[in-house]
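Beneath this line is the structure, given in structure tokens, with notes to follow.
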Ligand SMILES: NC(=O)c1ccc[n+]([C@@H]2O[C@H](COP(=O)([O-])OP(=O)(O)OC[C@H]3O[C@@H](n4cnc5c(N)ncnc54)[C@H](O)[C@@H]3O)[C@@H](O)[C@H]2O)c1
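Residue numbers (my numbering): 7 to 266.
In structure tokens:
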């Protein structure tokens, strides 16, 4: 008997089999859940997400969605509701910032629109998705919403720049959502993952030494693995996490506790 038997939910953010969202979906599926997937519009993106999702389970449900479009978000959640009886979990594992501004020394010259786009796609969309998920989740007694954050929300990481601002907004958004949706049985949390080599993380300048730093300095003396975050996601999505909401859980082999 799996922790997630009978549970169904939506995963937003599988670009390929290195994505944090892939590891989360894999762990949830291994524990008995059924995962549906949203991908960036376009045939190539559909193929990429589909190929990764097929490694987890056959015939994945896929739907295009540019999270920057309200129409796309409406269509995604409406179609999901037509095709699935339950929405027990929602995984927000997306972020975007123009890489031109993700360099040390570029924060104070980040243009207004680049700043707003980063906060829009990386933080506002959590609220936009939660609002659309609420009724279906609530109709089955509640659910679990989670989003991926990073330590750069709290402390200055060289080159993380506007993405740090967006992650701070994401974590705060999660707390306000947790407060507002709790009465419907909906829990909202963030997972602050350690550095993992993915498409998104390769866009951030000044992080080449991250893995080595984790091997040398992290209390667990290793970099985080995708499965570390996947297993924490299972805890949050399952009844084991029933009393946890509005939290930010570090899954970073202890890097964030270090002062020097
Ligand atoms: N990799 C790391 O070191 C690390 C550490 C902590 C947190 N995170 C966070 O994890 C999450 C997933 O990133 P990842 O590292 O797995 O990289 P990834 O590139 O595999 O995933 C990023 C996802 O964001 C999606 N995305 C971007 N703009 C979008 C839009 N407008 N609409 C819909 N989807 C959009 C991409 O399609 C992709 O699937 C992000 O929030 C990232 O900030 C990553």
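Don't be surprised by glycine CBs; every beta carbon is placed ideally from N, CA and C.
What you are looking at is a predicted structure, and each value in this text was computed from that prediction instead of being measured.
query	result
Cβ-based burial, residue 125 [other Cβ within 10 Å; buried from 16]	buried
Contact test: residue 19 Cβ vs ligand 1 heavy atom, cutoff 6 Å	yes
8 Å contact criterion, which residue 100 and residue 73 should meet: CB distance rounded	6 Å
Distance cut-off 6 Å: residue 199 Cβ against heavy atoms of ligand 1	yes
Residue 179 beta carbon less than 7 Å from that of residue 129	yes
7 Å Cβ shell around residue 90 - same chain, five flanking residues per side excluded	14, 42
Sequence-distant residues of its chain with Cβ nearer than 6 Å to residue 2 (five each side left out)	With the chain running from 7 to 266 in the structure shown, residue 2 is simply not present.
Cβ pair residue 241, residue 249 closer than 7 Å	no
Beta-carbon proximity list for residue 169, same chain, < 8 Å, skipping 5 on both sides	101, 103, 108, 124, 128, 156, 158, 210
Beta-carbon proximity check, residue 252 vs residue 190, cutoff 7 Å	no
Contact under 7 Å by Cβ, residue 192 with residue 255	no
Supposed contact pair residue 27 and residue 54 - C-beta distance, whole angstroms, cut 8 Å	Incorrect: roughly 12 Å between the Cβ atoms, too far for contact.
Bounding residues of the alpha helix (DSSP H) (the contiguous stretch that carries residue 30)	26-36
Proximity test, residue 25 beta-carbon vs ligand 1 heavy atom, cut-off 6 Å	yes
Residue burial classification, residue 152 (beta-carbon count within 10 angstroms, cutoff 16)	buried
Where the alpha helix (DSSP H) containing residue 51 begins and where it ends	49-60
Close Cβ partners of residue 136 (< 8 Å) along its chain, the five nearest in sequence each way excluded	96, 151, 183, 187, 192, 194
Residue from 221, 86, 25, 38 with nearest C-alpha to residue 57	25
Exposure label - residue 230; buried when at least 16 CB within 10 Å	buried
Residue 101: CB within 6 Å of a non-hydrogen atom of ligand 1	yes
CB of residue 141 within 7 Å of CB of residue 200, strictly	no
N- and C-terminal bounds of the beta strand (DSSP E) containing residue 236	Looking at the DSSP string, residue 236 is not in any beta strand (DSSP E); the run it does join, the alpha helix (DSSP H), is 232-243.
Continuous beta strand (DSSP E) stretch holding residue 43: start and end	40-45
Element boundaries [alpha helix (DSSP H), containing residue 84]	76-89
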